[in-house]
Amino acid sequence: MPDVKDLRIIISCGGTGGHFNPGLGIAKELISQGGQAILFLGGKHVPAQMETAKKAGVPAVSFRYVRPDRNPAALFGFGLSLIRGYRLTKKLIREHAPHAVLAMGSSVSLPPILAANRMHIPVFLHEGNAKVGKANRKLSRFAKEIELSFPAVNANTLRCPSFLTGFPLRKELTDSVLSKEEGIARINELFHVSFSPEKPTILVFGGSLGARSINENFDVDPAAPGARDLQVIHLAGPGKTEPLKEKYRNFPCPVLLLEGTNEMSAVYAASDVVISRSGGSTVSELAFFGKYAFLVPYPFAAELHQNDNAAWLASAGAAEIADDSTCTPELFRAFTTRFLADPQAFVKKGQQARAIARPDAARVVLERIAAGVSG
């Protein structure tokens with residue numbers, strides 16, 4: 011059995027950030043241990059992902075990928091992209107002799123999986139949600155094992171063995187855990203505010219796309235006891251802050267309004283509770299940092315998988331779930347009023363989530379591959 015430090019892996023992680031980020035995290039972990047990784051990318055986010063990989067010091071290649079569609083022209087383009095991806099993967103396998111191909115989900119992974127299977131290279135899958143997605147379900151017939159971020163609610167649909175590894179989080183998050191005092195100090199320094207570590211703090215997180223139902227409806231009852239002592243950090247998403255400025259100009263408490271930030275470790279540390287969507291990475295981060303969450307699953311996520319992610323965190327007593335269609339200012343006022351009545355109770359409930367966190371997920375995935383390629 012090769013050691014992790016001796017592994018050579020092609021990681022197919024094209025698609026959304028939910029596929030790319032954990033794939034990049036696994037690659038960085040492997041390289042840090044002395045192994046070799048190459049990212050295989052396709053899809054509309056390739057330019058940004060190639061740049062991110064370059065900055066991280068991770069080799070990457072890409073191909074022009076066309077999503078499958080019922081439109082005849084799109085189907086033809088999809089077929090051509092499969093051929094391009096298949097040929098590129100075969101070239102990489104001949105040049106680098108990888109021990110395995112790891113696919114992070116999405117149909118972008120089909121060409122490298124088919125090529126690896128044809129050339130007798132073991133295939134491993136990773137699933138980033140609590141419900142195994144359609145691509146991974148179909149591709150599992152080619153895989154030696156699928157690594158799960160959460161206990162799969164539809165494990166019976168898989169055609170290969172599975173193992174619970176957890177969701178690989180960004181090392182910049184897991185390597186810099188701060189106290190609330192340190193998080194608040196960092197926020198004050200970076201954004202020139204005067205937040206206090208003694209006051210209750212809510213993180214409102216609209217996600218990378220900016221969740222309209224959260225952004226527009228979040229509210230605090232000015233008559234609620236303690237409302238003026240509340241502090242809010244609102245990450246609204248790119249281009250989403252301007253419509254919110256007027257609302258927050260007359261808000262009952264101070265609000266730090268940002269599009270986003272690279273200082274998520276400090277933001278999580280500074281916050282007592284979080285209001286957010288429930289993507290796989292988000293709920294994994296909430297568990298790692300031990301934060302209670304008010305979750306609003308994205309209603310158009312494939313097969314409603316964010317509902318299953320949210321249920322996973324709620325099972326630890328560390329979250330409550332609201333349907334997107336029910337999000338109103340009254341709903342958020344009711345939640346913030348309950349939080350203000352006993353902030354420490356919510357802090358304690360959030361800490362329960364640490365029991366289900368798996369901070370070593372990237373390392374465990376690599377150990378499973380190392381064991382599997384010689385098994």
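Residue numbers are given in the working numbering: position 363 of the sequence shown equals residue 373, and the series is strictly consecutive.
Note that CB positions come from ideal geometry on N, CA and C, so glycine has one too.
Only a predicted model underlies this, so the values are computations on that prediction, with no experimental measurement involved.
Secondary structure of residue i, DSSP reduced to three states
| i | result |
| --- | --- |
| residue 261 | coil |
| residue 130 | coil |
| residue 273 | coil |
| residue 109 | coil |
| residue 240 | coil |
Close-in-space but distant-in-sequence residues of the same chain around residue i (CB under 7 Å, 5 per side omitted)
| i | result |
| --- | --- |
| residue 342 | 227, 228 and 229 |
| residue 31 | 180 and 291 |
| residue 271 | 245 and 277 |
| residue 200 | 273 |
| residue 190 | 207, 279 and 280 |
Beta-carbon gap between residue i and residue j smaller than 8 Å
| i | j | result |
| --- | --- | --- |
| residue 17 | residue 379 | yes |
| residue 159 | residue 290 | yes |
| residue 263 | residue 240 | yes |
| residue 90 | residue 71 | no |
| residue 73 | residue 87 | no |
| residue 126 | residue 133 | yes |
| residue 24 | residue 51 | yes |
| residue 297 | residue 193 | no |
| residue 280 | residue 350 | no |
| residue 334 | residue 140 | no |
Proximal residues to residue i (C-beta, below 8 Å), its chain only, five neighbours per side dropped
| i | result |
| --- | --- |
| residue 45 | 14, 15, 16, 17, 18, 19 and 376 |
| residue 156 | 134, 135, 136, 137, 142, 146, 150, 168, 170, 171, 172 and 173 |
Nonlocal neighbours in the same chain, by C-beta distance under 6 Å from residue i, ignoring five residues either side
| i | result |
| --- | --- |
| residue 357 | 282 |
| residue 308 | 287 and 316 |
| residue 152 | 123, 127 and 133 |
| residue 353 | 210 and 282 |
| residue 339 | 227 and 229 |
| residue 299 | 278 |
Mind listing, in chain order, the continuous alpha helix (DSSP H) runs of no fewer than 4 residues lying wholly within the region 13 to 86?
Those alpha helix (DSSP H) runs which fall completely within the region 13 to 86 and span 4+ residues are 27 to 42 and 56 to 66.
Starting from the N-terminal side, write out each stretch of the alpha helix (DSSP H) that is 4 residues or longer and does not extend beyond the region 168 to 227.
Under the rule that a run must span 4 or more residues, the alpha helix (DSSP H) segments found entirely inside the region 168 to 227 read 181 to 184, 190 to 201 and 222 to 227.
Beta strand (DSSP E) runs wholly inside the region 279 to 339, at least 3 long, in chain order:
283 to 286, 302 to 305 and 329 to 331
Please determine if the region 324 to 337 and the region 291 to 309 are in contact, where contact requires at least 3 C-beta pairs separated by less than 8 Å.
yes
Cβ contact (3+ pairs, closer than 8 Å) linking the region 172 to 182 and the region 366 to 374:
yes
Kindly confirm or deny that the region 80 to 98 and the region 57 to 68 touch, where touching means at least three C-beta pairs closer than 8 Å.
no
Give a yes or no on contact between the region 304 to 318 and the region 249 to 256, applying the rule of three or more CB pairs nearer than 8 Å.
With the cut-off at 8 Å, the region 304 to 318 and the region 249 to 256 do not touch.
Examine the Cβ distances between the region 138 to 150 and the region 103 to 118 and report whether three or more of them are shorter than 8 Å.
yes
Taking only runs of the beta strand (DSSP E) that begin and end inside the region 136 to 169, which ones reach a length of at least 3 residues, in chain order?
155 to 158
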